[in-house]
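Let me begin by presenting the structure, written as structure tokens, before commenting on it.
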Amino acid sequence: MNKTVSSINKSQCFLKNVKVFTFDAYNTLYSPTLPVMEQYSIVGKKYGINVDSKVLTKKFHSCFSEINKEYPRYGKYKNISASDWWGKLIIELFKPNTVPDEMINEILVRFEGKMAYTVYDDIVRFLTYIKQKHPEIIIGIISNTDPICKILLGNLGLYKFFDSEDIYLSYDLDISKPNPEIFNYCFNDICRRYPHLKKVGVPCDQLKKLFWHIGDEPKNDFEGSQLSGWSSILINRFDLPGISANPKVTLNYKKNLSTNTDAWVSRSTLTASSSSQKGVEMSFITDNQIVVSNLDVLTDYVQAQES
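The sequence shown begins at 1 in UniProt numbering and counts up by one.
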């Protein structure tokens, strides 16, 4: 039976079972201020290129696949930067229009900072609480993205919460979520850099349960981390259909999305302002599987335990 917040024994101190928190980035730490393709369309209009955001969204999958086929892993092994890779994608999206370099640069710069993205307030509150009250807990990021993410994190003021060495990107590792190997790599690397973790005398499989991954994607974040032996928290900010306290329902969400590109297109239309404003919701599917509507719920929960 699933346990709700009210049914959890206050004596069970949740944070005593946490050594590490890792976070997904996009739509977990931050979210677009407007749908991504709408922002592309807005910039295009400034340069006299009028392409509706719906048209761009419809073209995105085929354009992304085409560029990714020619320049896999954001051009990492083709001697082009991630910015150049996105520039090529922008050109393809707006065809048959000729896209000036200035427009490409404006889009790229826009998506490196606060004009394109905003940080969730509940994330700041939760991270601040952990940093102040539990500095012994290691905080990191595991994200399927490219190095531009690190620029964005800095511009959004999030580096005060994360050590750069605790940020793991699929671009750097050549492994992507939900492959459990990315979580296995992060576990081993964190234990190598923080050797005290293995000195507590806890068997490896049990130590993994003290590593918690937090993200908004049922497959990439929730299921992927579970398959590696980690504990996990799924954030359902947008009250999306198919995500619930029922693990079978939750893990079948987006089962018809065939690729990560499909998932990205789906998520790119979500914004911070479209997140659910519903009341408190926090369900323990098991002791190491939790679904929350946002991290304010979790912050309130741990504060109540420790008060």
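For every residue, glycine included, the Cβ atom is placed at its ideal position computed from N, Cα and C.
With fewer than 16 other Cβ atoms inside 10 Å of its own Cβ, S164 counts as exposed. Counted as a single uninterrupted DSSP element, the alpha helix (DSSP H) harbouring L227 occupies residues 224–227. Following the DSSP letters along the chain, one finds V297 inside the alpha helix (DSSP H) bounded by residues 295–306.
Apart from sequence neighbours up to five positions away, the residues of its chain that approach K88 with a beta-carbon distance below 6 Å are I67, ordered along the chain. I107 and G224 have their alpha carbons spaced roughly 32 Å apart.
Residue range 121–133 is occupied by the alpha helix (DSSP H) that includes T128.
When rounded, the separation of the alpha-carbon atoms in S176 and P100 is 33 Å. The beta carbon of V302 sits closer than 7 Å to the beta carbons of F14, L15 from its chain, once the five residues preceding and following it are set aside; these are given in chain order. Contact annotation: the stretch 69–83 does not touch the stretch 46–55, with fewer than three C-beta pairs closer than 8 Å. Contact annotation: E112 and N144 have beta-carbon atoms that are not nearer than 8 Å. The beta strand (DSSP E) runs lying completely inside the stretch 132–161 and spanning 3 residues or more are 138–143, given in chain order.
In the same chain as S231, and ignoring 5 residues on each side of it, the C-beta atoms closer than 6 Å to its own belong to K209, W212, N288, in chain order. The three-state reading of DSSP puts W86 in helix, counting H, G and I together. The DSSP-derived three-state label of V43 is helix. With contacts defined by Cβ atoms closer than 8 Å, D166 and G140 form a contacting pair.
Under DSSP, H61 forms no beta bridge with any residue. Around the CB of Y171, 16 or more other CB atoms lie within 10 Å, so the residue is classed as buried.
Along the stretch 155–218, the alpha helix (DSSP H) occurs as fully enclosed runs of 4 or more residues at 170–173, 180–193, 204–208, listed in sequence order. Listed in chain order, the non-local C-beta contacts of Q226 below 6 Å within the same chain comprise S232, local neighbours out to five positions each way being set aside. Remark: C-beta atoms of E281 and S293 approach each other more closely than 8 Å. Taking 8 Å as the cut-off, the Cβ atoms of Y30 and Y120 count as close. Looking at the DSSP output, V20 sits in a beta bridge with I138, F211. With a 10 Å radius around the Cβ and a threshold of 16 neighbouring Cβ atoms, N27 comes out buried. Around the beta-carbon of G44, 16 or more other beta-carbon atoms lie within 10 Å, marking it buried. When DSSP reads this structure, S53 sits in no beta bridge, so it has no partner. By the Cβ-count criterion, Q39 is buried, with 16 or more other Cβ atoms from all chains shown falling within 10 Å of its own Cβ.
Taking C-beta atoms under 8 Å as the contact rule, D24 and E217 qualify, at a distance of about 7 Å.
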